[in-house]
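Notes for the one structure printed next.
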Amino acid sequence: MYTLTPRCHLPPLRRSPPPCQVASTTTTTSPPSLSAPSRADPDELRSTWPQRAWTLAGSAAILSSLSTSASLVATGSDSPAWPLAAALAAYSLADLATGVYHWFVDNYGDASTPVFGSQIAAFQGHHRYPSTITRREPCNNLHALARAAGLALAPADAALSASGAPAAAHAFAGAFAACVVLSQQFHAWAHEKRRRLPPGVEALQDAGVLVSRAQHAAHHRQPYNTNYCIVSGMWNGVLDRYRVFEALEMVVYFRTGIRPRSWDDTDASWMEVTGADVAATATAGDDGSLVQTASISSD
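The UniProt record's numbering puts the sequence shown at residues 1 to 299.
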């Protein structure tokens with residue numbers, strides 16, 4: 001449809017210091033890193049009571065929306081076909097929404113960005129230690145999205161009820177929120193070893209119902225600019241084939257002058273730590289926790 005070649009026309013910024021700085025004997029300050037800490041404290045992987053509370057609140061809001069839809073169908077107000085179709089549409093659009101959000105936090109902003117700063121830092125750290133997500137307890141992994149669902153869905157569902165919206169509207173809202181919240185769990189399973197996946201998950205991944213390990217692995221290869229969607233991954237082929245995100249990056253660049261991170265040399269501070277890197281760090285005196293949280297392997 002169109003051809004965009006920003007890497008040809010807009011040479012990447014080099015992060016290496018100029019020769020004069022290389023030759024200098026003075027100590028230079030390293031640029032700030034977007035990554036997570038080099039080692040994940042086991043306590044940081046456990047779920048706290050506030051995280052459990054937010055996950056429960058988000059789940060309650062989702063179940064309330066879906067139960068309202070079911071009640072309307074049960075009373076004969078609507079045909080069950082419409083809520084089912086709405087839920088399937090929500091499932092598809094949730095995959096697209098996670099891709100857009102993932103693209104944004106991977107490419108723009110930093111830890112100091114208002115509202116999104118913590119998520120941006122977390123996603124950048126995830127590139128360096130991708131398997132850490134598989135060791136997070138469920139509420140630790142889901143609470144941020146569940147909190148957003150709890151705060152946004154409850155009033156939205158109440159407004160739908162007050163306006164007499166059909167069952168399909170409640171089904172769409174509930175299913176969309178559920179898929180977005182659970183996308184982080186689907187994401188974790190895309191990094192998990194096959195033998196550790198819950199029963200049936202691998203079959204769902206192979207069927208394309210959930211984002212697969214093979215598809216998401218492509219996102220973790222430089223320059224980290226493909227396969228952003230993490231519900232089912234159904235939108236990844238279209239978005240990457242027609243270079244939709246690259247087109248958006250061009251729009252952002254020409255309107256604001258801000259370059260996405262994927263256009264430049266990958267910052268070594270958030271490139272994935274490999275087995276060799278982990279071994280070298282362990283030799284330097286680490287206690288082994290880095291090996292547990294940073295290493296990733298395939299069966």
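Beta carbons: idealized from backbone N, C-alpha and C, even for Gly.
Bear in mind the structure is a predicted one, so any value in this text is a computation, not a measurement.
In this structure the segment 169-185 touches the segment 60-75; the number of beta carbon pairs closer than 8 Å is three or more. When secondary structure is reduced to three states using DSSP, Glu-137 falls in the coil class, being assigned neither helix nor strand. Proximity of the segment 93-104 to the segment 177-186 meets the contact definition, three or more beta-carbon pairs being nearer than 8 Å. Looking only at Tyr-242, Val-231, Glu-249, the smallest Cα-Cα distance to Ala-90 is reached by Val-231.
It is roughly 26 Å from the alpha-carbon of Gly-117 to the alpha-carbon of Ala-156. Restricting attention to Ala-81, Pro-260, Phe-104, the CA atom closest to the CA of Pro-166 is found in Ala-81. Less than 8 Å divides the Cβ of Asn-107 from the Cβ of Ser-262. In summary, Thr-55 is buried, with 16 or more beta-carbon neighbours lying within 10 Å of its beta-carbon over all protein chains present.
Taking the CA atoms as reference points, Asn-227 sits about 14 Å from Gly-208. Counting C-beta atoms within 10 angstroms of its own C-beta, Ile-258 has fewer than 16 neighbours from the protein chains shown and is therefore classed as exposed. For the options Gly-150, Ala-61, Gln-124, Phe-254, the alpha carbon positioned closest to that of Pro-223 is the one of Gln-124. Ser-47 sits close to Pro-138, with the two beta carbons spaced by under 8 Å.
Taking the Cα positions, Gly-109 is about 13 Å away from Val-252. It is roughly 18 Å from the alpha-carbon of Pro-198 to the alpha-carbon of Thr-132.
Listed in chain order, the non-local C-beta contacts of Pro-260 below 6 Å within the same chain comprise Asn-107, Glu-249, local neighbours out to five positions each way being set aside.
With a threshold of 16 other beta carbon atoms within 10 Å, Tyr-242 falls short and is exposed.
For Arg-147 and Gln-184, the gap between their C-alpha atoms comes out near 13 Å.
Within the segment 129-194, no complete beta strand (DSSP E) segment of 3 residues or longer occurs. The three-state secondary structure of Met-250, taken from DSSP, is helix. The three-state reading of DSSP puts Gly-109 in coil, since its state is none of H, G, I, E or B.
Secondary structure at Pro-50: helix, using DSSP grouped into helix, strand and coil. Beyond the five residues adjoining it in sequence on each side, Val-201 comes within less than 6 Å, by CB distance, of Trp-189 in the same chain, given in chain order. Inside the segment 189-228, DSSP marks whole alpha helix (DSSP H) runs of 4 or more residues at positions 201-207, 213-217, from first to last along the chain. At the C-beta level, His-187 and Gln-51 stay beyond 8 Å of one another.
If you draw a straight line from the Cα of Gly-164 to the Cα of Ala-85, it is about 19 Å long. Apart from the 5 residues on each side of it in sequence, Ala-57 sits with its Cβ closer than 6 Å to the Cβ of Gly-150 in its chain, given in chain order. DSSP places Pro-42 in the uninterrupted alpha helix (DSSP H) bounded by 42-45. Within the same chain, Ala-146 come within 7 Å of Ser-59 by CB-CB distance, once the 5 residues on both sides are set aside. Between the alpha carbons of Ala-162 and Ala-53 lies a gap of roughly 27 Å.
In this structure, the beta-carbon distance from Arg-135 to Leu-210 does not fall below 8 Å.
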